[in-house]
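For the record, the sequence lines run as chains A and B.
Under my numbering, the first residue of the first sequence is numbered -12, with each subsequent residue one higher.
Under my numbering, the first residue of the second sequence is numbered 3, with each subsequent residue one higher.
Positions of the beta carbon are idealized from the N, C-alpha and C atoms, including for glycine.
All figures in this text were calculated on a predicted structure; none of them were measured in a lab.
First comes the structure, then the notes that go with it.
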Amino acid sequence: MLRTFIIVLIVVLVPLGIYLAVQYGTPAELTFAEAVSKAATTAEGDMAPKVVVIATVTRVEPDTIFCLDKEQKEFPVSYTGAIPGFAFEPNTSVKFVGHVHAGTVQLFHATQAYKP
Amino acid sequence: MIGQLLIHALFGTAVALTLTAFLAMRREQKGMPLGSPGTGLPIPRMLMTALTLGLIAAVSLLVALIIQHRFDYTYIWNYSSRELPLHLLIATFYSGQEGSFLLWTLLVAVFGTALMSYSRRHLYEAPTLFFFGLILTFLTLLLVAKNPFAYYYESFAAQGITAVDVPPNGKGLNPLLHNGWITIHPPILFTGFAAMSVSFVFAMAGLVRRDYHRWITIALPWTLLATAVLGFGIMLGGFWAYETLGWGGFWGWDPVENSSLIPWLVTVALVHTMMVQKRTHGLVKTNMVLAVTAFIMVLYSTFLTRSGILGDTSVHSFVDPGKFAFWILLLFMLTFATIGAVMILMRRSDMNINKENFKPDSREFLLGIGASLIMASALMVTLGTSWPVIMELLAQPKIALATDFYNKLHIILVPAILVVNALSLIMQWRHTPRALFIRRVRNAALISIPLAALLFIPGTPTAWALVLAAAAFFGLVVNMMMGWTIMRRSPSMAGAYVSHTGIALLMFGIIATASYSEQHHVVLTQGVPVTVDGSTLTYVNSEQVERHFGDREKYKFHIKVERGGSEATISPVMYWSDYNQRQSPFMEPGIRWGVANDLYIAPNSAGTEDIFHATTVQRSGTIATPLDSTTHITLVRFTMPMEEGPAADGRMRMGAILMANDSTEFKIVTQISQAGANMSFEPIWDTIPGTTVGIGLSNIQRNNADPTKSTGEFIFRDVTKPLTTPREQITVDFSIKPWISLVWFGVITMVLGFVFSIVRHTRLAKQQPALSEVQLAPSADIKTVEHKVTDSNPQ
């Protein structure tokens, strides 16, 4: 009977755990303007929640990558993550994960980059 | 050089210890009397002692070098500085990754050495030394990879640094760690981690000896010790976060917190299933699996938090240890997981002999259910903590799970655990008469349900809080009822009841703070009372403290809090440190401690009230002035110090050329004082031509790469009115934490209960017969003499 209980527990809990993890572990996909407003609602000194911005690279400068978000608004990205398996080149579509720092210049600080 | 050689020698000693202990174990398996000198055991004994002494020497050497400010060592340069007081200098030794590995290794070796005579008495010495040797081999290999004695010039040789380049000062310890807790919390936590290896080693020894029951009695006091110490260490971490770091709470489900909690939960489950085996000889394989899992979870948690794999998904910072250390950590974990799994599988048929089928109306059944629920909690916390790693493997964006993930799952699990725990105490071993069960449950429910309903008086809590409260009251009542009966017979048997009472109190603390605590964001202007949540807060003044330290500028902000006729001054702290080039402030909350509630003030920012409408303008930008929207100014350019010349007092001067509405250009000037990287601006007021709008230049942010992106901050006032001085202002989060004292009191009570149990089970372990006196496997259902010892403990 104890074994049955453990099996039932696993069968119920593991899918529930994965479902909740997907719910609470997937970053919201936003535009840059939405990421800025998300940072603005964060208390000073606190880290704004990480979000995803899917963007198209327009130009690449030494410290900054300029991109267009899905509203075709240009915004600067400072990327400090690991070297991705692709190059940041103009017209490349990139999924950036990061946040805008509250109380500073409006710049998207990305720590992860993926091909969408 | 001595330090580096010592680390390599320690690794060699650990390898030799493992090999010689293995040979001794083999000789025993070939028929030599267990523990006899002929097995060669004196050699690994000597090596174990030598390894421990060597580790003590390594730690002493590192501490001595830290105190001498030897910044020619990379580790010391990285974590220490001349400004640190002695107690923090000593704590520096385990503040970084290399040092913490050294502390962990030392503590494992100390446990290994301390257990030599104990394991000899129980004829477990050879396998115990072998498995401790193997653990220490990996730990010392980690020290070789992350050597705390590496020289600065070796670490930065690629940058052209040579042996003569010795930094004059170290980078210093993170200011958040500058308090007494760092001298207490990490050593206790690492003692808990090191103690976790003991139950694993004894379980492996039991498997080697085919001694599937006796190891339980031998390992139980040490498993209880590991649970108590790690639990206390986790609580201290929570207290530190609450009291000093200003995170507003004591638990945030952060990966570092979770990495301690997971092995603790597994060990709590193990303690309960060990009790079942001790009493019924059931759950033999379960205990082996849990003993292995508890240790593997220590290694897995270490891997998660020390391999850099979690990246920036935590409020704690993780240092990437490098590829070599990453692979050692991974290999360490996989090796012991494999050893544990292979050993259990090899002995599987032996352990299967005595199959127990617990009756649902027995205590052992409910203890099994309780342990399963605790393991379910451990599994879910592991899933949550590992989620960023899983996402990375799936090439998906990785972020830490929101705390709601953990909270939602534990809303279900925690009440279930509390109720099952209470019911298990109501039950008797083997079988419980139905009438007795109903009577005990009814009595406990009649008291606990009305008590839970009392929570409606201070306000309406959420449904989950009520369910949790009812479960906690039920647990508390049952534990107190049963505990009182047991205590009158023999106080030494009260350990479990005291511990469970502590858990119930802890739950009340959590329910009270989560349900009745509200946080208020308050802006306090000096001398102006603000009433919030029934309290009146008045910011009195700020006071600079620790002036004798040149590396920081630290202020206490005294806030008077009046509430219910009483008055208290609470002083949160903010400071700027050279550690982060004074870029952002470090903060400490102010707390008025109380039994019924804490008044908690966490600072956010400090400055002066904005009576001058500060506005930032980029070069070439145009704005309407805040005082008169018809008046516009355009920032044409900045003037440089050489153009302006110095002020009369020698201060640097800069200016801004502005254009007014009528295209008239005019200049305003500011005087700049510089202290380190910090610049403070004193604007010289001027008037915008043709208006009554006064203007000053209060800040300049130069962009040297692209001067067109430089910005200026301008302040404005009405020149027809007298100039007033802005008052100081502080922004804080104010909250009242009701009954948070129960959280601390509950954990201390729980640990106290463990102490009772440790004393009792140590005494029982002493009564344990030697291995030669008991019949060994393959019959796993042997009845040891220990079982015959009259044990009326109903645990």
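Run down chain A in chain order and give the residues with a C-beta less than 8 Å from the C-beta of residue i.
i      : result
B/D664 : By Cβ distance, chain A contributes nothing, its closest Cβ being about 32 Å from B/D664, past 8 Å.
B/M382 : L0 and G4
B/M429 : What B/M429 touches in chain A: nothing, since even the nearest Cβ is about 14 Å away.
B/R353 : Note on identity: in this sequence residue 353 of chain B is Met, with Arg being the wrong assignment. Correct list: empty, because the minimum Cβ distance to chain A is about 15 Å.
B/W389 : A8 and G12
B/M393 : G12
In chain B, which residues lie with their C-beta within 9 Å of the C-beta of residue i?
i     : result
A/V84 : P399, K400 and I401
A/L94 : In chain order: nothing, as chain B lies at least about 12 Å away.
Which same chain residues end up closer than 7 Å to residue i when comparing Cβ atoms and leaving out the 5 residues on each side of it in sequence?
i      : result
B/S519 : S737, I738, K739 and P740
B/G497 : G755, F756, F758, S759 and R762
B/T307 : P257, V258, S261 and F320
B/V270 : T229 and I376
B/M206 : P129, F133 and M345
A/D56  : T18, F19, V40, A42 and F62
B/A339 : I298
Identify the contact partners of residue i in chain B, using a Cβ-Cβ distance below 7 Å as the criterion.
i       : result
A/F(-8) : I371 and S374
Return the chain-ordered list of same chain residues with a C-beta closer than 8 Å to the C-beta of residue i, the five sequence neighbours on each side being excluded.
i      : result
B/L829 : Outside the modelled stretch of chain B, which goes from 3 to 797, sits residue 829 of chain B, for which no answer is possible.
B/R122 : G37
B/V421 : A473, F476 and G477
B/K361 : F367, R432 and H433
A/V1   : none
Give a yes or no on whether the C-beta atoms belonging to residue i and residue j are separated by under 8 Å.
i      : j      : result
B/V200 : B/F132 : no
B/Y81  : B/Y153 : no
B/F13  : B/V166 : no
B/I603 : B/G592 : yes
B/M661 : B/F640 : no
B/E569 : B/K562 : yes
B/A228 : B/A197 : yes
B/P807 : B/A26  : What the structure shows of chain B is the stretch from 3 to 797, and residue 807 of chain B is not part of that stretch, so it cannot be assessed.
A/Y11  : B/A397 : no
B/V268 : B/A343 : no
A/I52  : A/S80  : no
A/A8   : B/L385 : yes
B/D535 : B/M429 : no
B/L19  : B/L117 : no
A/S65  : A/H96  : yes
B/V749 : B/G504 : yes
B/S607 : B/T487 : no
B/Q731 : B/T527 : yes
Using a Cβ cut-off of 8 Å, pull out every chain B residue sitting near residue i, in sequence order please.
i        : result
A/K60    : Simply none; closest approach about 18 Å.
A/V39    : P399
A/L(-4)  : S374, L375 and A378
A/L(-11) : F360, F367, G370, I371 and S374
What does residue i touch in chain A if you count any residue whose Cβ is under 9 Å from its own?
i      : result
B/G386 : G4, L7, A8, Y11 and G12
B/F407 : G4, L7, A8, Q10, Y11 and G12
If we define contact as Cβ-Cβ less than 8 Å, is residue i a contact residue for chain C?
i      : result
A/Y101 : In the displayed structure, chain C is absent; the protein chains listed are A and B.
Could you tell me whether any non-hydrogen atom of the ligand PLP is closer than 7 Å to the CB of residue i?
i      : result
B/W431 : Of ligands this structure carries none, so the ligand PLP is not represented either.
Take residue i and list the residues in its own chain whose beta-carbon comes closer than 6 Å to its own, dropping the five residues that flank it on each side.
i      : result
B/T693 : T633
B/T515 : K739 and I742
B/I371 : V422
B/I2   : In this structure chain B extends from 3 to 797, so residue 2 of chain B is not present and cannot be described.
B/S102 : Y96
B/L179 : none
B/L105 : Y96 and F192
Note down, in chain order, every chain A residue with its Cβ under 7 Å from the Cβ of residue i.
i      : result
B/A404 : Y11
B/K410 : L7
- Message: Against chain B, which members of the segment 3 to 22 of chain A pass a CB distance test of less than 7 Å?
- Response: G4, L7, A8, Y11, G12 and P14
- Message: To test your reading of the DSSP string, which unbroken beta strand (DSSP E) runs of 3 or more residues are found completely within the segment 621 to 647 of chain B?
- Response: 624 to 627 and 630 to 641
- Task: Give, in chain order, every unbroken run of the alpha helix (DSSP H) that is at least 4 residues long and sits entirely within the segment 109 to 165 of chain B.
- Result: 127 to 147 and 154 to 157
- Query: Which ranges does the beta strand (DSSP E) cover as unbroken runs of at least 3 residues, wholly within the segment 515 to 550 of chain B, from first to last along the chain?
  - Reply: 521 to 527, 532 to 534 and 537 to 547
- Message: Please give the ranges of any beta strand (DSSP E) in the segment 395 to 461 of chain B, keeping only runs that are unbroken, at least 3 residues long and fully inside the region.
- Response: none
- Query: Can you give, in chain order, each stretch of the alpha helix (DSSP H) that sits fully within the segment 317 to 379 of chain B and has at least 4 residues?
  - Reply: 325 to 348 and 350 to 353
- In chain order, each alpha helix (DSSP H) run of at least 4 residues that lies wholly inside the segment 735 to 777 of chain B: 743 to 768
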